[in-house]
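Under UniProt numbering, the sequence shown has 158 at position 158, and the numbering climbs by one with no breaks.
Ideal Cβ positions, reconstructed from N, Cα and C, are used throughout, including at glycine.
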Amino acid sequence: MRDLPWPARVYLVAVIGAAAALIVRSVMVSGAPVADEDLDILLVLALLFLVCESMPTLLNVEQFAVSVSFSASLAAVVLIGPEGAALVGLTAVLSVRPGLPLIKRLFNGAQFAICGYAAGRVYEALHGRVGVPEVNAFDDLIGPYAAATAVFVPLNIVLTLTMIGLATRVRAAEVPMRGMGQFLLSYLGYGTFGLLVAGLWATVASISAVLVLLPLFVARWAFGQYHAQQRSYDATIAALCQAVETKDYYTRGHCTRVSHASSMIAQEIGMRTERVRAIRYAGMLHDVGKLGVPTKVLQKDGPLTEEEFAAIQLHPMRGLEIVRGIGFLDEAYAGIMHHHERHDGTGYPMGLAGDEIPEFAKVIAVADAFDSMTSDRSYRGARPVPVAVDELRKSAGTHFDPVMVAAFIRALEREPWQPPRRVDPPPPEAAETPIKDHDDPTMPIQVVTGQ
């Protein structure tokens, strides 16, 4: 706990204190949180919760995992009420997950107890009947149970993300994942397993928990497969970006920054989660076609010949050829292919103009130019962010789509840009660098004719 920032410590103590207060209050009011005849239900659900909680699925956020154990807490809401649901959630303290510190187990148990109690109170407020449901009255449970789930799941996520944010100071945009809406819907769906346990209890009693274990672990496996697939995608993209950036000393990190800036614009203009993910990939891979351009052309010291400039202009098409077989890129293909088109039709490779240019390409063009201007280059130092923003404004309507420029400026007002660290000059033997940059709208490549 000594390693936690003080706001995280205060929050941790508050959550644990709130959970303790709930348990103490229930003991003082009723003498025992759960009636003697319900102890067997409590023990079975606590065991089901503990098994699932001890085998979570790791997500993309470092040291963050999810499990489907909350289904047992939601079953307890129906079978033994709010206090019972709180006690079931509290068993997270006993988790045997390898390497999980006591402080994390205490927090997990406390926040699950709070969520279970809150969900139980909502269930009772909507006249949900506590106890083993009768077969002919099962339909009456669905509405109150759905409301209880709708309270439990978001509250669980908010409590957890708040702790992560305070403990790690990770930006809200990065915690815990970009597809939060889809994740929340999936989590709500898995909550139906709790209703299944409660419904089966009327006929097969404690065996219902065993019957539900199989689909719960299938759900866990599905969680793991989805996020393993996302990690695999990210690793593939990162490998391609690294290959591109080895060709130019001064563009290290450029692809990552363009990807981030593109995501900022995409979110500002209201793109769906799936498209934001695709444009993030497009930003990462927008220059992958440089792998097909001779290094001596990319690093030429001086004006390019027409043939050499033609090779540069082909890099978007080369990029499309390289990534065409990567199925998960979806709409990213258009961004890679057309990110050097200009709003006035003077760009390349196809000279598209205005609405002819794909939306992804319009976004990446702004992000690409902005990062180029705010990064060190061999022929100049990085420009300040306000200067780069002014250049974007000047070029809106000619070089760039005005809508995308305006969206990026709004996004920058909310999330200030962190320019890359200053790049030290390369060693003399590697000092063969270009004097202009095709990504920088203020310093175009010089082309000589007749050579």
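Notebook entry, point to check: Among Val-10, Gly-319 and Gly-325, which residue has its Cα nearest to the Cα of His-339?
Noted result: Gly-319
Next item on the list: Check each candidate in Val-132, Ser-95, Gly-283 and Leu-102 and name the one with the smallest Cα separation from Glu-359.
Entry: Gly-283
Note to self: I need the boundaries of the alpha helix (DSSP H) containing Asn-108, first residue and last residue.
What the structure shows: 102 to 125
Next item on the list: Inspect the beta-carbon positions of Ile-364 and His-286 and report whether they are closer than 7 Å.
Entry: yes
Next item on the list: Look at Ile-265 and Phe-408 and say whether their C-beta atoms are less than 7 Å apart.
Entry: yes
Checklist line | Rounded C-alpha distance that separates Gly-194 from Met-317 | finding: 52 Å
Next item on the list: Look at the Cβ atom of Ser-69, then the Cβ atom of Val-96, and state whether they are nearer than 7 Å.
Entry: no
Margin query: With the cut-off set at 7 Å, would you say Val-130 and Gly-81 are in Cβ contact?
Written below: yes
Next item on the list: Take Thr-346 as the anchor and find which of His-399, Asp-234, Arg-414 and Leu-392 has the nearest alpha-carbon.
Entry: His-399
Check: What is the DSSP secondary structure of Arg-9, reduced to helix, strand or coil?
Finding: helix
Checklist line | The alpha helix (DSSP H) enclosing Gln-313, as first and last residue numbers | finding: 306 to 313
Next item on the list: Grab me the residues of Arg-342's own chain with a C-beta within less than 6 Å of its C-beta, minus the 5 sequence neighbours each way, in chain order.
Entry: His-399
Check: Where Glu-124 and Glu-134 are concerned, what is the direct C-alpha to C-alpha distance, given to the nearest angstrom?
Finding: 17 Å
Margin query: For the region 112 to 128 against the region 3 to 21, do three or more pairs of beta-carbon atoms, one drawn from each stretch, fall closer than 8 Å, so that the two count as touching?
Written below: yes
Check: Taking Cβ positions, are residue 455 and Ala-75 nearer each other than 7 Å?
Finding: Within the shown structure, residues of the chain are numbered from 1 to 451, placing residue 455 beyond reach of any answer.
Checklist line | Candidates Gly-128, Leu-392 and Ile-41: closest to Asp-139 by CA position | finding: Gly-128
Checklist line | Distance, Ala-243 Cα to Ala-310 Cα | finding: 22 Å
Margin query: I'd like the span of the alpha helix (DSSP H) that includes His-254, first residue to last.
Written below: 254 to 268
Check: What did DSSP end up calling Ala-382 once you bin it into helix, strand or coil?
Finding: coil
Notebook entry, point to check: Per DSSP, what kind of secondary structure is Ala-388 in: helix, strand or coil?
Noted result: helix
Notebook entry, point to check: Got a sec, what are the start and stop residues for the alpha helix (DSSP H) Asp-40 sits in?
Noted result: 39 to 53
Next item on the list: Let me know the secondary structure DSSP gives Ala-72 once reduced to three states.
Entry: helix
Notebook entry, point to check: Could you check where the alpha helix (DSSP H) with Pro-144 kicks off and where it finishes?
Noted result: 139 to 168
Item checked: 7 Å Cβ cutoff met for Val-132 and Trp-201 -> yes
Notebook entry, point to check: With Val-405 and Arg-414 assumed to form a contact (beta carbons below 8 Å), what rounded beta-carbon distance in angstroms separates them?
Noted result: Incorrect: roughly 16 Å between the Cβ atoms, too far for contact.
Next item on the list: Could you name each continuous alpha helix (DSSP H) segment of 4 residues or more that falls completely within the region 266 to 297, going from the start of the chain to the end?
Entry: 273 to 285
Checklist line | Identity of the residues DSSP links to Phe-400 by a beta bridge | finding: Ala-396
Notebook entry, point to check: Could you give the residue range of the alpha helix (DSSP H) that holds Trp-201?
Noted result: 192 to 204
Checklist line | Three-state class that DSSP yields for Trp-221 in the structure shown | finding: helix
Notebook entry, point to check: What is the DSSP secondary structure of Glu-341, counted as helix, strand or coil?
Noted result: coil
Margin query: By the DSSP assignment, the alpha helix (DSSP H) with residue 455 in it spans what residues?
Written below: For the chain, the structure presents residues 1 to 451; residue 455 sits outside this window and is missing.
Notebook entry, point to check: Leaving out the 5 sequence neighbours to the left and right, which residues in its chain are closer than 6 Å to Pro-420 when beta-carbon positions are compared?
Noted result: Gly-253 and Ser-375
Next item on the list: Compute the Euclidean distance between the alpha carbons of Met-177 and Val-93, then round it to the nearest angstrom.
Entry: With a pLDDT of 46 at Met-177, under the threshold of 50, the predicted position of this residue should be treated as unreliable, and no value is reported.
Check: Closest by CA to Arg-257, which one among Ser-372, Leu-214, Glu-268 and Thr-273?
Finding: Ser-372
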